[in-house]
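Comments concern the structure below.
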Amino acid sequence: MESLPPEAAGIFFRGKAVEPIVLWQHKWGLTFHIPWYLFLGGLAGGTLTVAALADLFSGTRERLRDFSRAAAYVTIPAILIGGLSLTFHLGKPERGFAFPLFFTNYQSWMTIGGWILGAFAPLAIAYAAAWYLNISRGLRTALALLALPLGLLMSLYTGFLLSATWVIPGNRWYVPLWDSRYLPLLFVLSGISTGIAAAGLGALVMGRFGKGSGGDRAARESQ
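Numbering of the sequence shown is given in the working numbering, commencing with residue 158 and proceeding in unit increments.
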């Protein structure tokens, strides 16, 4: 049984020991790999979601297409850095690449999240590549239709994970904020809002330094 550190003594809420911020290091180690993953994973889910929505509803509106392209590009560094943070938190990074062999409890949101992340990363890369290479609108639309639910799931599952693990067996640590049915919705809304902001910033940078596409304007307008 894992014992509570001294900082937790005397802190209770609803009859259970509360976990304050000072326990992060006790629980997650001396690094912030997990907080970085939660933020960047939610951001990546949000940017892919807004990229797919903007693409599907863009029609002939070039600004929406530029916004979708920027959101797709921003997704890549977010999920790569977030995924690496999660992988190196394991202590043995090779386990992260062999997660199907280790994550066998399919009722756990950690296992579900591993599969979501495993599907999300290659799809996000493929969708960004479709924009960069000016692949046909039909194929890109098909990718967007897959990306939309997967982006939402990426932002959603971390909320379910935290809400399902707010009590640690054996020591009754308690995190009041995590004990909420609205936490998954909060993660989705937070991911989408930060995704819109990041995509807007990306579109601004692309507008200043170039469109970030491998084709010319005529190819872009034909989409």
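For each residue, glycine too, the CB sits at the ideal point set by N, CA and C.
For a test of the three-state rule: what should DSSP assign to residue 189, helix, strand or coil?
Here residue 189 corresponds to residue number 32 of the sequence shown, with the count starting at 1. Correct three-state label for residue 189: coil.
Where does the unbroken alpha helix (DSSP H) through residue 224 begin, and where does it stop?
As a working mapping, residue 224 is identified with position 67 in the sequence shown. Looking at the DSSP string, the run of the alpha helix (DSSP H) that includes residue 224 is 219-246.
Unbroken alpha helix (DSSP H) run spanning residue 289, endpoints
For the purposes of this step, residue 289 is taken as residue 132 along the sequence shown, with counting starting at 1. For residue 289, the enclosing alpha helix (DSSP H) has its first and last residue at 266-289.
Can we say the segment 238-247 touches the segment 312-322, given the rule of at least three CB pairs closer than 8 Å?
no
Under the assumption that residue 311 contacts residue 198 (Cβ atoms under 8 Å), give the Cβ distance between them as a whole number of angstroms.
Taking the sequence shown and counting its residues from 1, one reaches residue 311 at position 154. Taking the sequence shown and counting its residues from 1, one reaches residue 198 at position 41. Rounded, the Cβ-Cβ distance is 6 Å, consistent with contact.
Taking the alpha-carbon of residue 307 as reference, which of 207, 189, 288 has the nearest alpha-carbon?
Mapped onto the sequence shown, residue 307 falls at position 150. For the residues 207, 189, 288, the minimum Cα distance to residue 307 belongs to 207.
Are the beta-carbon atoms belonging to residue 114 and residue 300 less than 7 Å from one another?
Residue coverage of the chain in this structure runs from 158 to 380, which leaves residue 114 outside it and unanswerable.
C-beta contact flag for residue 193 and residue 242 at 7 Å:
Start at 1 with the first residue of the sequence shown, and residue 193 comes out as number 36. Start at 1 with the first residue of the sequence shown, and residue 242 comes out as number 85. Closer than 7 Å, so yes.
Distance, residue 358 Cα to residue 211 Cα
Counted from its first residue, the sequence shown places residue 211 at position 54. Counted from its first residue, the sequence shown places residue 358 at position 201. Rounded to the nearest whole angstrom, the CA to CA distance from residue 211 to residue 358 is 15 Å.
Contact check, residue 281 vs residue 205 under 8 Å by CB: the rounded distance?
Taking the sequence shown and counting its residues from 1, the one referred to as residue 281 is at position 124. Taking the sequence shown and counting its residues from 1, the one referred to as residue 205 is at position 48. 6 Å between Cβ atoms; contact.
Could you give the DSSP three-state label for residue 261: helix, strand or coil?
Counting from 1 along the sequence shown, the entry for residue 261 is found at position 104. Look at residue 261 here: in three-state DSSP terms it is coil, with no helix or strand label.
Cβ-based burial, residue 214 [other Cβ within 10 Å; buried from 16]:
Taking the first residue of the sequence shown as position 1, residue 214 is located at position 57. Per the 10 Å Cβ criterion, exposed.
For residue 351 versus residue 203, is the C-beta spacing smaller than 7 Å?
By one-based count along the sequence shown, residue 351 stands at place 194. By one-based count along the sequence shown, residue 203 stands at place 46. Against a cut-off of 7 Å, the Cβ pair of residue 203 and residue 351 comes out as a contact.
For residue 233, which residues of its own chain have a beta-carbon under 6 Å away from its beta-carbon, when the five flanking residues on both sides are left out?
For this step, residue 233 is matched to residue 76 along the sequence shown. Cβ within range, chain order: 285.
State yes or no: is the C-beta of residue 245 within less than 7 Å of the C-beta of residue 360?
Along the sequence shown, one-based indexing puts residue 245 at 88. Along the sequence shown, one-based indexing puts residue 360 at 203. No.
Between the Cα of residue 355 and those of 320, 303, 229, spot the shortest distance and give me the residue it belongs to.
The residue you call residue 355 lines up with position 198 of the sequence shown. Closest option to residue 355, judged by alpha-carbon separation, among 320, 303, 229: 229.
How about residue 218 and residue 288: are their beta carbons less than 7 Å apart?
For this step, residue 218 is matched to residue 61 along the sequence shown. For this step, residue 288 is matched to residue 131 along the sequence shown. No, these two residues do not count as a Cβ contact at 7 Å.
Taking all protein chains shown into account, do 16 or more other C-beta atoms lie within 10 angstroms of the C-beta of residue 293, making it buried, or fewer, making it exposed?
What you label residue 293 is simply residue 136 of the sequence shown in a count that begins at 1. Under this definition residue 293 is an exposed residue.
Cβ shell of residue 263 (< 8 Å), same chain only, five flanking positions each side left out:
Taking the first residue of the sequence shown as 1, we reach residue 263 at position 106. Closer than 8 Å at the Cβ level, and outside the excluded window around residue 263, lie 269.
CA nearest to the CA of residue 349, picked from 265, 200, 319, 216
Within the sequence shown, residue 349 is the residue found at index 192, counting from 1. Here the closest residue by C-alpha is 200.
Alpha carbon of residue 341 to alpha carbon of residue 353, nearest angstrom:
Locating residue 341 in the sequence shown gives position 184, counting from the first residue. Locating residue 353 in the sequence shown gives position 196, counting from the first residue. Roughly 18 Å separates the two Cα atoms.
Simplified DSSP assignment, three categories, for residue 365
In the sequence shown, counting from the first residue as 1, residue 365 sits at position 208. Residue 365 falls in the helix class under three-state DSSP.
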